[in-house]
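K.L.:
Taken in order, these protein sequences are the chains called P and G. Under our numbering, the final residue of the first sequence carries the number 765; numbering is consecutive throughout. Under our numbering, the final residue of the second sequence carries the number 289; numbering is consecutive throughout. C-beta atoms are modelled at their ideal positions from N, C-alpha and C, and glycine is treated no differently. The structure that follows is given in the form of C-alpha cells.
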Amino acid sequence: MIQSITEKAKPELRWIGRSITYRDDIAKTRGDLKFFSDLEFPSMLWGKVLRSKYPHALIKRMDTSEAEGMAGVVAVLTHKDVPFNHCGVVKGDMPVLCGDKVRFTGDPVALVAADTRATAENAIRKIKVDYELLPIVSDPFEAMKPESPKVHEAGNILHHIHVTYGDVESAFRKAKIVVENTYQTGRQMHMFLETEAGIANIQEDGSIFVRVGGQAPHRDRLQISRALGIPLERIRVLSTPTGGAFGGKEDPTVQIHLALLALKTKRPVKMVWSREESGIAGSKRHPMVIAMKTAAMQDGTITANQTNVVADTGAYASLGAVVLAGALECATGPYHISNADSEGFCVYTNNGLAGAFRGFGAPQMQFALESQVDQLAERLSMDRITIRKRNALRKGEVGPFGLPMKCSSGLHESLEKLESSGLYRNRDEYKASPPERPWIRRGVGVASALKGFTHLSHLDHCAASVEFTNSGKFVVGVSCPDLGQRNRTAYAQIAAEALHCDIDDIALDSADTADSPDGGGSSSSRAIYLGGNAILATAEKMLDLLLEKASNILKEPKEYLFIENESIRSKKNREAAITYSTLAEQMHRDMNSTRTIAEYVMPRHDRPRNGAAETPHTLFSFASALALVEVDMLTGQTKVLRFLISPDAGTILNRNNFEGQIEGALVQGVGYALMEDTVIEKGEVRNTNFTTYVIPCASDAPEIEVDPVEIVEETGPFGAKGAGELGIVLAAPAICNAIYDAAGARIFQIPATPERVFKAIGNRR
Amino acid sequence: MLLTEVDVITPHSMREAIQIIDMRRDRIKVIAGGTDLTIQLKDGLYQPEALLNIEPLSEIRYITEEKGVVHIGALSPFADIIESSIIEELAPVLVEASQTIGGRQIQNRATIGGNICNSSPAADGVPPLYALGAAVVLRSAEGRREVPIELFFTGYRKKDMRANEIMEEVKFRGMNRNDRAAFVKLGLRQSNAISIASTAIWAELAQSKDRFNKARIALGAVAPTVVRAHKTEDLIVKTTLEDEKISEAMKIVSTECSPISDIRGSAEYRSAVMPNLVYKCIRRIMDAR
Chain P
1 MIQSITEKAK
11 PELRWIGRSI
21 TYRDDIAKTR
31 GDLKFFSDLE
41 FPSMLWGKVL
51 RSKYPHALIK
61 RMDTSEAEGM
71 AGVVAVLTHK
81 DVPFNHCGVV
91 KGDMPVLCGD
101 KVRFTGDPVA
111 LVAADTRATA
121 ENAIRKIKVD
131 YELLPIVSDP
141 FEAMKPESPK
151 VHEAGNILHH
161 IHVTYGDVES
171 AFRKAKIVVE
181 NTYQTGRQMH
191 MFLETEAGIA
201 NIQEDGSIFV
211 RVGGQAPHRD
221 RLQISRALGI
231 PLERIRVLST
241 PTGGAFGGKE
251 DPTVQIHLAL
261 LALKTKRPVK
271 MVWSREESGI
281 AGSKRHPMVI
291 AMKTAAMQDG
301 TITANQTNVV
311 ADTGAYASLG
321 AVVLAGALEC
331 ATGPYHISNA
341 DSEGFCVYTN
351 NGLAGAFRGF
361 GAPQMQFALE
371 SQVDQLAERL
381 SMDRITIRKR
391 NALRKGEVGP
401 FGLPMKCSSG
411 LHESLEKLES
421 SGLYRNRDEY
431 KASPPERPWI
441 RRGVGVASAL
451 KGFTHLSHLD
461 HCAASVEFTN
471 SGKFVVGVSC
481 PDLGQRNRTA
491 YAQIAAEALH
501 CDIDDIALDS
511 ADTADSPDGG
521 GSSSSRAIYL
531 GGNAILATAE
541 KMLDLLLEKA
551 SNILKEPKEY
561 LFIENESIRS
571 KKNREAAITY
581 STLAEQMHRD
591 MNSTRTIAEY
601 VMPRHDRPRN
611 GAAETPHTLF
621 SFASALALVE
631 VDMLTGQTKV
641 LRFLISPDAG
651 TILNRNNFEG
661 QIEGALVQGV
671 GYALMEDTVI
681 EKGEVRNTNF
691 TTYVIPCASD
701 APEIEVDPVE
711 IVEETGPFGA
721 KGAGELGIVL
731 AAPAICNAIY
741 DAAGARIFQI
751 PATPERVFKA
761 IGNRR
Chain G
1 MLLTEVDVIT
11 PHSMREAIQI
21 IDMRRDRIKV
31 IAGGTDLTIQ
41 LKDGLYQPEA
51 LLNIEPLSEI
61 RYITEEKGVV
71 HIGALSPFAD
81 IIESSIIEEL
91 APVLVEASQT
101 IGGRQIQNRA
111 TIGGNICNSS
121 PAADGVPPLY
131 ALGAAVVLRS
141 AEGRREVPIE
151 LFFTGYRKKD
161 MRANEIMEEV
171 KFRGMNRNDR
181 AAFVKLGLRQ
191 SNAISIASTA
201 IWAELAQSKD
211 RFNKARIALG
221 AVAPTVVRAH
231 KTEDLIVKTT
241 LEDEKISEAM
251 KIVSTECSPI
261 SDIRGSAEYR
271 SAVMPNLVYK
281 CIRRIMDAR
C-alpha cells in the first residue's frame, strides 16, 4: 500500500522523519482519484444559485413561477424555505438565502434543482427579482464614518482591537531613527483547482449525507443542522478529498444549499461553482491599509512600533475579526520589542467577502514590518541580517502583544543559515547584470517572519480515535480533511510510531462525521500539531488497553511488558509473547472494547489581551528567507530567480511533504507579491477567472532551496510545529526588499505589478 | 449564453463551408480552435444561431513557400508555425511570437486565422504580420480577395471582412539575408500571459554597421488595432543608430499610441512603457547581426 519510503527515520524512531509516499498520492498524481465534483449518482439533480446582480439593494419582490414551471426543474427555493436563515463561521450574519436585502454582488438569492446543469442555469435566469438599489460603500475608511450607508444595521465596524504596552512615546523620543510609512495589500483569491463543490443525498433512514470540499466537516454539519433545524445526528458530512482550500473553504458555500435541495427533492443533488461564480462569491484575503511607525537605537535594537490597520472584510463577518487579530499580533513580528501600540479595525463594505486565507493576517502585517526593518537597517548602515539577529525573539522573551514567547524559536539559527549561505556571502556576484540585457538589475532581499498556529480565537482542541481491528491492525480517525497538504500521511506515521506497528497496518478514516470524533478542521496550520497530539493521546489509551489484556492472557504483570514488532513481550519471561493479531482475535472473542478516543486540549494564556480575540497564539513557527530577483528597469517587470528559506517548524515528520508545503506556499506568495489582486469596482469583481486573474505558472516559480532548522518543540507531536503558512508570509517582504536592493525602488503596495514597480522606479530619489 | 443552445455545423470542404456561410451570413459564426470564441460565447459577446466548425478543413491548414512568398493556411495552429522549418528560416519572428501565445495546449488549438479574425489589438500573432508586411486572403462565393493586414483591421474588434467570407490564408514575403526582425512582449507573468503591450519590428540592414535601410514597427495593445509607428520608423532609418539617436526616436513612440486602461494596465503606463519595448526590440535587432 505504501508506495515508497526514502530517507532514514529519526534516531530511535521507525517512521518519523521519513519521506513516505502514501496511499492516495499516486492516484492523485495519475488523475485517478475522484473528488466530489467528479461524482455522479443515478437520478442526480444539479443545483444552481441565483446571485444578486447588485452590490447593495433591497429585495422588493421575487417571482419564481416561471422557473418552477420549466420542464426539468424539480425545485426552486427562496429564503422562505430556510428554517433558520443565518450562517457564518464565527458570527451568523450571512443569510443562507437573502430575503430582504443583498449586501454584495453575488449574494445568494434563490436556489434551483433541475435534471441537467443547463436547465438549472436557464431556470435561475427565469427568476424575477425586483430590487431597490441602495448607495454602496466600497472604501473601508469611508465605511467607518457614521454617515456612511450601513451594510449591517449595527454599523460598519465589525471589530476593533487596540493593544498597547511599554512606553511607546518615550521610546520614539529616545530613538536614533524612526521610520514611518503606509502600506497597502491586495485582495488575493484562493484559486484552488477544485471550486466550491459537493454532492448531497438522503440516506435510507431519511438522514442527510453531504460530501463537500470543506475544511471542517463537524463545523459544516453544525451549520447545516442550525439552518435546517435538523439534529446533528441526522446529518453526515464527509470532506476528504478536497481539491485545495487555503482557507477559502472555511465559510459555508454549497453545504447548506445542497442539504436544503436534497431534503426538498429527496434526490441526490450536486453543485459545482463555476470559476466565475467562485471569483464573485468566494471569500478572499483581506486587503489592508497599514500605517506603521518603527523606532530603533544606533545598535539596531528596535525599541518601539506603532501600527494602525484597517481591513476590508466585505459584506459579512466571516473570520474577519480573527484575521484582524492574527494580523495585529504580527505587528512586532518575530522580534522582541518592548514598547508597542497596535490598533486595528475590521470593516464591512459592499466589496464581496473576505475571510480566511493561508497566512491569516500575517502576510499583510509582516510585509509592512519587514519593509520597515529593511529601511531601519539602511538608515543605520547596518547589515540586513545583523539587524534581524539583534532583535530576533527567543523563547521566554517579550513577544507578540507583549507576552512572553512560550514556544521554541529557531529564528537565530535560521538567520545564521542565511548569513553563511553562498547566496548571501556571494551576493555581489549573483547581483551582476547580464551583459546582453543591461536594463536588468538584480537584488537580494531578506525577510524574517513568525506565524502563529492552531486557532487563536478560542480554546482549541482535537480529538482522535483508534480502533483495534480483529486482524490486529488499527483504524485512526481524525476529522481534519486532506486538502492536498497530506496531513494523513503524517497521521499514519505518527500512529504507526506510537502504536509500534508497520505503517501499512494503519488505516485512516476520511474526515467523516460518521467515523471521526470532532477534532476540528484543517486550518491555521493546526492539523499536524493538534491531530498528531490527539493521535498520541488516543494511542496511549489504546496501548494501555492492549497491555492490560496481554497481561491477563500472559499472566505477566503489566509493568514487565513491552512492545516489539507488533508483539507484546515480557522482559522477565522470554516465552511470554503475544502478537497483535492473536491479541485481537482474543479481544474480539471476549467482546472487549477495542476503540479509544482521546482529546488534546491546548493550553491557554494566563492573561489573554482584552478584545484581542484571545490572541496572541501560544505557538509560533519561525522562518527567514532570501530572495534573488531581477527587475527590468525598462518595464518594471520582476522575476524571482531564487529563494533560500530556512524554516523552524520543529521536527520534520516527512521531508518531502514538508518541502511541498513550504514551496507551495512560497509560490502562492510570489503571486501575492507580484500579481494577484481581485479588483472590485463599484461592487463588481473585474477579474473572476484565470484569463484576467493572473496567478504564477511554472515559469514564475523560482528555484527554491529549503534549509530547515529543526528545533524540537517540547509540546509538539515528536517535536513538530505547523509549517503550512510560513512560505506565504515570507514571500512578499523578501521579494519587495529584493526589488529595493535591485532597483532602489521601495514598494509600498502589493502586488508589485510591473506598472507599480515602473512607477516606483520613476519616483526614486 | 449556454453553448448547449448553439447548433454546430461541420462542413466537409471549403466549398461547402462557403456555401453555408453564404446562406446564413450574420447568423452564423465561424469557429476554428475556439480558444477565444468559446469564452466570448459564454460571456454573451456574440449570440449566433449556429457555429460553422471549420476545424476539420485540412485544405486550409498548410505552410508553404513559393518564390520567396510564405503562405500560411488560416487553420494552421501556432504549434504548426512553431515547428515549421519554412517559418524558422523565413520569418523566425513569427515563431518567437507564437511561442508566447498561451501554453502548449493553447498553441495546439489556437489558429493563426482565429488570432487574426478575433481582431484583438492584443493578439500576439498580429504585430509580426504587420512587421512582415503581410496580407490576408479572404474567400467567398464571389471568389478571393486580398487585403493588406494593416487595412484589414478597421477599429476595435472591427475588420474588413464580409458576412459571407472565410479567411483562407495569410501571406508575406519571406525575410532576406539582410533582414532582421524581433518581437518583445510585456505581460503580467513570465509566460501564458496576455500582452499589456507588445511590439514587432522588421528591418532591412544597410551595409554599414547600425544602419537600417527600411523598417516597419508594429505596436500591439496600445490602440484600437495593432498600429504601425510610421513616424518612429522614419527617424530610425537611413541614419546611424547611436544611443542618442535611438533615444531621440523613442520620444516619438508614445505619440503613436492611443491606449486605454484595463485590468492589465493603465493607459499612462502603456504609453510610458511602449518606447522602452521598442528600444529593447531595436537593440535585439542590432545585437543579432
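Could you tell me whether the Cβ atoms of arginine 264(G) and isoleucine 194(G) are closer together than 8 Å?
P.N.:
Yes, Cβ-Cβ distance for arginine 264(G) and isoleucine 194(G) is below 8 Å.
K.L.:
Quick one: measure Cβ to Cβ for arginine 275(P) and asparagine 689(P), integer angstroms, because I've assumed they're closer than 8 Å.
P.N.:
That pair is a contact at about 5 Å.
K.L.:
Does any C-beta atom of chain P lie closer than 8 Å to the C-beta of serine 120(G)?
P.N.:
Output row for serine 120(G): interface = no.
K.L.:
Our contact map puts valine 670(P) next to aspartate 700(P) with C-beta atoms below 8 Å; I'd like the distance itself, whole angstroms only.
P.N.:
6 Å between Cβ atoms; contact.
K.L.:
Which chain P residues are close to serine 191(G), counting only those with a beta carbon under 7 Å from its beta carbon?
P.N.:
Going along chain P in sequence order, the residues near serine 191(G) (Cβ under 7 Å) are Cys697, Ser699.
K.L.:
8 Å is my cut-off, CB to CB: does glutamine 3(P) come that close to chain G?
P.N.:
Only weak support is given to the placement of glutamine 3(P): the predicted model assigns it a pLDDT of 49, under 50, and the value that follows is read from those uncertain coordinates. So, not an interface residue.
K.L.:
Tell me, please, whether the CB atom of leucine 634(P) is closer than 8 Å to any CB atom in chain C?
P.N.:
Of the protein chains in this structure, namely P and G, none is chain C.
K.L.:
Can you find a CB in chain P that lies within less than 8 Å of the CB of aspartate 287(G)?
P.N.:
Chain P contact via Cβ: present.
K.L.:
What is the rounded straight-line gap between the Cα of glutamate 59(G) and the Cα of serine 76(G)?
P.N.:
Those two C-alpha atoms are separated by around 10 Å.
K.L.:
Who are the Cβ neighbours of valine 273(G) in its own chain at under 7 Å, not counting the five residues just before and after it?
P.N.:
Answer for valine 273(G): Leu186, Ala197, listed in chain order.
K.L.:
Exposed or buried, what is threonine 64(G) when buried is set at 16 or more other beta-carbons lying within 10 Å of its beta-carbon?
P.N.:
Burial call: exposed.
K.L.:
Pull up the distance between the alpha-carbon of valine 289(P) and that of lysine 80(P), whole angstroms please.
P.N.:
The straight-line gap from Cα to Cα measures roughly 39 Å.
K.L.:
Which bits of chain G does phenylalanine 758(P) rub up against, with CB to CB less than 8 Å?
P.N.:
Tyr269, Ala272, Val273, listed in chain order.
K.L.:
Using the three-state DSSP reduction, which class does proline 275(G) fall into: helix, strand or coil?
P.N.:
In the structure shown, proline 275(G) sits in a helix (DSSP, three-state: H, G or I).
K.L.:
Could you check the C-alpha separation between histidine 12(G) and leucine 57(G) for me, to the nearest Å?
P.N.:
When rounded, the distance between both Cα atoms is 7 Å.
K.L.:
Could you tell me which residues DSSP pairs with glycine 650(P) in its beta bridges?
P.N.:
DSSP, once it has assigned bridges, lists Ala720(P) as partnering glycine 650(P).
K.L.:
On the CB-based measure, 16 or more other CB atoms within 10 Å of its CB, does alanine 673(P) come out buried or exposed?
P.N.:
By the neighbour-count rule (16 or more Cβ atoms within 10 Å), alanine 673(P) is buried.
K.L.:
Can you give me the C-alpha to C-alpha distance between leucine 561(P) and isoleucine 568(P), rounded to a whole angstrom?
P.N.:
Rounded to the nearest angstrom, the two C-alpha atoms are 7 Å apart.
K.L.:
Residues of chain G with CB closer than 7 Å to the CB of arginine 686(P), please, in chain order.
P.N.:
In chain order: Ile263.
K.L.:
With a CB to CB cut of under 6 Å and the five nearest residues on each side skipped, what residues in its chain are close to arginine 226(P)?
P.N.:
Correct list, in chain order: Phe84.
K.L.:
If contact means a Cβ-Cβ distance below 8 Å, which residues of the stretch 151–180 of chain P contact chain G?
P.N.:
Residues passing the 8 Å Cβ filter: none.
K.L.:
So if DSSP puts aspartate 7(G) in a beta bridge, which residue, or which two residues, is it bridged to?
P.N.:
Paired residue(s): Ala50(G).
K.L.:
Using the three-state DSSP reduction, which class does threonine 753(P) fall into: helix, strand or coil?
P.N.:
Threonine 753(P) falls in the coil class under three-state DSSP.
K.L.:
Which runs of the alpha helix (DSSP H) fall wholly inside the stretch 140–181 of chain G and span at least 4 residues, in chain order?
P.N.:
Listed in chain order, the complete alpha helix (DSSP H) runs (minimum 4 residues) inside the stretch 140–181 of chain G are 149–152.
K.L.:
Would you mind telling me which residues of chain P sit closer than 8 Å to leucine 188(G), beta carbon to beta carbon, in chain order?
P.N.:
Those within 8 Å of leucine 188(G) in chain P are Met675, Val694, Thr753, Pro754.
K.L.:
For the alpha helix (DSSP H) that tyrosine 131(P) lies in, which residues bound it at each end?
P.N.:
Looking at the DSSP string, tyrosine 131(P) is not in any alpha helix (DSSP H); the run it does join, the beta strand (DSSP E), is 128–133.
K.L.:
Where do the N-terminal and C-terminal ends of the alpha helix (DSSP H) with glycine 531(P) fall, by residue?
P.N.:
Run containing glycine 531(P): 527–554, per the alpha helix (DSSP H) assignment.
K.L.:
Nearest by alpha-carbon distance to asparagine 592(P): which of Ala598(P), Phe468(P), Ile302(P), Cys736(P) is it?
P.N.:
Asparagine 592(P) has its Cα closest to that of Phe468(P), out of Ala598(P), Phe468(P), Ile302(P), Cys736(P).
K.L.:
Sort Leu277(G), Ile282(G), Asp287(G), Glu268(G) by Cα distance to lysine 759(P) and report the nearest one.
P.N.:
Among Leu277(G), Ile282(G), Asp287(G), Glu268(G), the Cα nearest to that of lysine 759(P) belongs to Glu268(G).
K.L.:
Which residues does DSSP list as the beta-bridge partners of proline 404(P)?
P.N.:
DSSP output for proline 404(P) lists Val398(P) as bridge partner(s).
K.L.:
For isoleucine 440(P), which residues in the same chain have their Cβ closer than 8 Å to its Cβ, ignoring the five residues on either side in sequence?
P.N.:
So the qualifying residues of the chain are Ser433, Pro434, Glu630, Val631, Asp632, Met633.
K.L.:
Just how far apart, CA to CA, sit valine 90(P) and glutamine 668(P)?
P.N.:
Those two C-alpha atoms are separated by around 26 Å.
K.L.:
Which term fits histidine 190(P), buried or exposed, when burial requires 16 or more other beta carbons within 10 angstroms of its beta carbon?
P.N.:
Classification of histidine 190(P): buried, given that the 10 Å Cβ count is 16 or more.
K.L.:
For alanine 550(P), which residues from the same chain have a beta carbon less than 7 Å from its beta carbon, with the 5 sequence-adjacent residues on both sides left out?
P.N.:
Result list for alanine 550(P): Leu561, Ile568, Ile578, Leu583, in chain order.
K.L.:
Take every Cβ of the stretch 59–73 of chain P, pair it with every Cβ of the stretch 120–128 of chain P, and state whether three or more of those distances are shorter than 8 Å.
P.N.:
Contact holds: three or more Cβ-Cβ distances are below 8 Å.
K.L.:
Can leucine 628(P) and arginine 642(P) be called in contact, C-beta distance under 8 Å?
P.N.:
Yes, the pair counts as a contact, with Cβ atoms nearer than the cut-off.
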